[in-house]
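K.L.:
Numbering (the UniProt record's numbering), first residue to last: 1 to 326.
(1) Express the C-alpha separation of residue 119 and residue 41 in angstroms, rounding to a whole number.
(2) Applying the criterion that 16 or more other CB atoms from any shown protein chain within 10 Å of the CB defines a buried residue, is residue 308 buried or exposed?
(3) Among residues of its own chain, excluding the 5 on either side of residue 184, which ones have a beta-carbon nearer than 8 Å to its beta-carbon?
(4) What first and last residue would you give for the alpha helix (DSSP H) that runs through residue 311?
(5) Where in the UniProt domain "HTH tetR-type" (112-172) do unbroken runs of the alpha helix (DSSP H), each at least 4 residues long, occur, reported from the N-terminal end onward?
(6) Quick one: does residue 212 have its CB under 9 Å from some CB of chain B?
(7) Can you tell me where the alpha helix (DSSP H) holding residue 284 begins and where it ends?
(8) Buried or exposed: residue 246, going by 16 or more other Cβ atoms within 10 Å of its Cβ?
(9) Determine the direct distance from the alpha carbon of residue 107 to that of residue 169, and round the result to whole angstroms.
(10) Kindly confirm or deny that the stretch 284-302 and the stretch 237-244 touch, where touching means at least three C-beta pairs closer than 8 Å.
(11) So, using beta-carbon positions, are residue 317 and residue 179 closer together than 9 Å?
(12) Does the stretch 188-205 come close enough to the stretch 252-269 to have 3 or more Cβ pairs within less than 8 Å?
(13) With DSSP collapsed to three states, give me the class of residue 295.
(14) Could you give the first and the last residue of the continuous alpha helix (DSSP H) run that contains residue 243?
(15) What is the DSSP secondary structure of residue 260, counted as helix, strand or coil?
(16) So, is residue 258 buried or exposed, given that buried needs 16 or more other C-beta atoms within 10 angstroms?
(17) Excluding sequence positions up to five away, which residues of its chain have a Cβ less than 8 Å from the Cβ of residue 250?
(18) If we count the other Cβ atoms within 10 Å of its Cβ and call it buried at 16 or more, is residue 141 buried or exposed?
(19) Rounded to whole angstroms, what's the CA-CA distance from residue 214 to residue 165? Just pull it up for me.
(20) Name the residue from 297, 173, 306 whose alpha carbon lies nearest to the alpha carbon of residue 226.
(21) Using alpha carbons as the reference points, say which of 171, 115, 157, 122 lies closest to residue 149.
(22) Where does residue 277 sit, in a helix, a strand or coil, going by DSSP?
(23) Quick one: grab the DSSP three-state call for residue 103.
(24) Considering only their Cβ atoms, is the gap separating residue 289 from residue 266 smaller than 9 Å?
(25) Between residue 131 and residue 151, is the Cβ-Cβ spacing less than 9 Å?
(26) Does the beta-carbon of residue 228 have 16 or more other beta-carbons within 10 angstroms, so that it is buried, or is it exposed?
(27) Could you compute how far the alpha carbon of residue 177 sits from the alpha carbon of residue 196?
(28) Judging by CA-CA distance, which residue of 167, 137, 248, 202 is the nearest neighbour of residue 156?
(29) Can you tell me which of the three DSSP states residue 315 falls into?
(30) Using the rule of at least 16 other Cβ atoms within 10 Å of the residue's Cβ for burial, across every protein chain shown, is residue 248 buried or exposed?
(31) DSSP three-state call for residue 218: helix, strand or coil?
(32) Give every residue of the same chain whose Cβ lies closer than 6 Å to the Cβ of residue 144, excluding the five residues on either side of it in the sequence, and list them in chain order.
(33) So the alpha helix (DSSP H) residue 188 belongs to, where does it begin and stop?
(34) Compare the beta carbon distance of residue 127 and residue 209 with 9 Å and say whether it is the shorter of the two.
(35) Of the residues 231, 125, 282, 235, which one's Cα is nearest the Cα of residue 207?
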């Protein structure tokens, strides 16, 4: 080990620059790490690391001190003084805060936000081109997330579509079921559901466009609002409230009218609609459009005009959804 030659010719071999002279070969380094992990706790390792730095700093500073007669025992005593509190003082564990006061972990929040961006991007793209016309990389680009991040949340394009249908339609349909569970008139159940659907489509155009596209897909009878509509029509027929010879044709008539009404709402009647002037030029009006649509559908299902209009004009209860209320 090299030593420094201070003024006066007295050799002091303990004044060493450890950075320049301490070398650990890979096997020795692995053995050193093994000993630390095997025989010391994490807190002890931190103390050892801190002590090593303190000793190194003391020796290095001493080698540059004007007074080269500093006793190495003084250095080691100083090091021990710094070392002792670290070994003797135990940290008191911080009591856990109540669950209601805990903030959402950053990682969980970012994961939730990424999932929401992916769903929002998928909704916008699939509303225009359907599930089959959208690729996964298009979804990630629109969401501004990495391609690999997609698979942290969804296994496939079909999986994100299923989650999208659940978030967009199933929750809304569930809220309609809760809203109408106290109603005994099948005609009023149909009226309330149709009116709320048109109101939401007007408020959320992307949601409405997605509903139109899915309404003409092969999944219409087994998913979302289409499945609920078929169920409610069949219940009305069983209760003899509706007079429909063919339930399937009755479903197509009602479902097709709802989808056409949503398209008319978005293209002709909503504020800023691209063809709003056409309705005025033809002498039509968009006033009370949801109620008028519901009344026409009830007549399709067999109700008289006066009764259908009376049912469609009943007060519309408020429906609460996961992210909005209509």
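We put the CB at the ideal spot given by N, CA and C, even for glycine.
P.N.:
Taking the geometry as given:
(1) Only weak support is given to the placement of residue 41: the predicted model assigns it a pLDDT of 45, under 50, and the value that follows is read from those uncertain coordinates. Going from the Cα of residue 41 to the Cα of residue 119 covers about 45 Å.
(2) Label assigned to residue 308: buried.
(3) Excluding residues within five positions, none has a Cβ falling inside 8 Å.
(4) Counting along the chain, the alpha helix (DSSP H) containing residue 311 begins and ends at 305-312.
(5) DSSP assignment within the UniProt domain "HTH tetR-type" (112-172) yields the following whole alpha helix (DSSP H) runs of 4 residues or more, N-terminal first: 136-143, 147-150, 157-165.
(6) Protein chains in the displayed structure number just one, and chain B is not present.
(7) Where residue 284 is concerned, there is no enclosing alpha helix (DSSP H), given that its DSSP letter is neither H nor E.
(8) Counting Cβ neighbours within 10 Å, residue 246 comes out exposed, since fewer than 16 surround it.
(9) Roughly 28 Å separates the two Cα atoms.
(10) Yes, the stretch 284-302 is in contact with the stretch 237-244.
(11) Residue 179 is positioned such that its CB atom lies closer than 9 Å to that of residue 317.
(12) Using a Cβ-Cβ distance cut-off of 8 Å, the stretch 188-205 and the stretch 252-269 are in contact, since at least three pairs of beta carbons, one from each stretch, lie closer than that value.
(13) Helix, per DSSP.
(14) Neither: residue 243 is in no alpha helix (DSSP H) and is coded neither H nor E.
(15) Three-state DSSP puts residue 260 in a helix.
(16) Label assigned to residue 258: buried.
(17) Around residue 250, the same chain offers 233, 237, 242, 244, 300, 301 as residues with beta carbons nearer than 8 Å, after the five sequence neighbours per side are excluded.
(18) The residue is exposed, with fewer than 16 neighbouring Cβ atoms inside 10 Å.
(19) Residue 214 and residue 165: Cα-Cα distance of roughly 9 Å.
(20) Measuring from the Cα of residue 226, the nearest candidate turns out to be 173.
(21) Nearest of 171, 115, 157, 122 to residue 149, Cα basis: 115.
(22) DSSP places residue 277 in helix when its eight states are reduced to three.
(23) Coil.
(24) Result no, Cβ atoms of residue 266 and residue 289 do not sit closer than 9 Å.
(25) Cβ atoms of residue 131 and residue 151: not closer than 9 Å.
(26) It is buried - the Cβ of residue 228 has at least 16 other Cβ atoms within 10 Å.
(27) Our two residues, residue 177 and residue 196, have alpha carbons roughly 12 Å apart in a direct line.
(28) Looking at 167, 137, 248, 202, the one whose alpha-carbon comes closest to that of residue 156 is 137.
(29) Looking at residue 315 - three-state DSSP - the assignment turns out to be coil, as it is neither helix nor strand.
(30) That one is exposed.
(31) Here residue 218 sits in coil by DSSP.
(32) Contacts found: none.
(33) That run of the alpha helix (DSSP H) goes 186-203.
(34) Yes; because the gap between Cβ atoms is below 9 Å, this pair is in contact.
(35) The residue with the shortest Cα to Cα distance from residue 207 is 125.
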